[in-house]
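Chemist: The structure's right below; bear with me while I get my questions together.
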Amino acid sequence: MKIRKSLAVLAASASLALGFGGVMAPSAQAHTPDWGDASYTQTDLRTGTWRTGTAVESPGGSLMDPPASARSLRCWNADISGRAFAISCSGSRWRAFADCTDDSRYITPALRGAKRVTIYCPAGTRAVRGGAFGR
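Rendered as structure tokens:
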């Protein structure tokens, strides 16, 4: 009887621990625009799949002009709202960027194909402009 109670307590503890972990894991992986670092989301316009990541700070910050783009890069539907800059582009190798009120420029990794990208400036800043470059 004592062994059964011990096993029952152990099983209950394990299920609570696993249940709590199961509840916490998805929320920890979901994109939260309150992160302290600049981040981005990308949505593939053909398949609908999306990914998130960290946007890296560009040397020279927002004072530098973005590199020139080839005619093959097509972009549309740019939008700024608070910390977020969003743009849709289609090209063979391109990057999106956002300039934020901390005088920094944040850039996504190289992207391919047609994507909708949203870059989130760090907490306490706002997006002031953005765009894309590449081909």
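Numbered per our numbering, the sequence shown spans residues 14 to 148. For every residue, glycine included, the Cβ atom is placed at its ideal position computed from N, Cα and C.
1) Any idea which residues DSSP pairs Gly147 with across the strands?
2) Could you check which residue in Ser105, Asp92 and Arg84 has the C-alpha nearest to that of Val130?
3) Pull up the distance between the alpha-carbon of Leu86 and that of Tyr53, whole angstroms please.
4) Assign Asp78 to one of two classes, buried (16 or more other C-beta atoms within 10 Å of its C-beta) or exposed (fewer than that).
5) Looking at Ala97: is its Cβ nearer than 9 angstroms to the Cβ of Trp107?
6) Compare the beta carbon distance of Ser94 and Ala136 with 9 angstroms and say whether it is the shorter of the two.
7) So for Gln42, helix, strand or coil by DSSP?
8) When burial is assigned at 16 or more other CB atoms within 10 Å of the CB, is Ala83 buried or exposed?
9) Where does Ser75 sit, in a helix, a strand or coil, going by DSSP?
10) For Ser52, which of helix, strand or coil comes out of DSSP?
11) Among residues of its own chain, excluding the 5 on either side of Gly74, which ones have a beta-carbon nearer than 6 angstroms to its beta-carbon?
12) Just tell me which of Ala111, Thr114 and Arg125 has its CA closest to the CA of Ser103.
Modeler: In terms of the structure at hand:
1) Trp107
2) Asp92
3) 20 angstroms
4) exposed
5) no
6) no
7) Because the pLDDT of Gln42 is 37, which lies under 50, any placement of that residue in the model is unreliable, and the number read from its coordinates should be weighed accordingly. Helix, per DSSP.
8) exposed
9) helix
10) strand
11) Asp116, Ser117 and Arg118
12) Arg125
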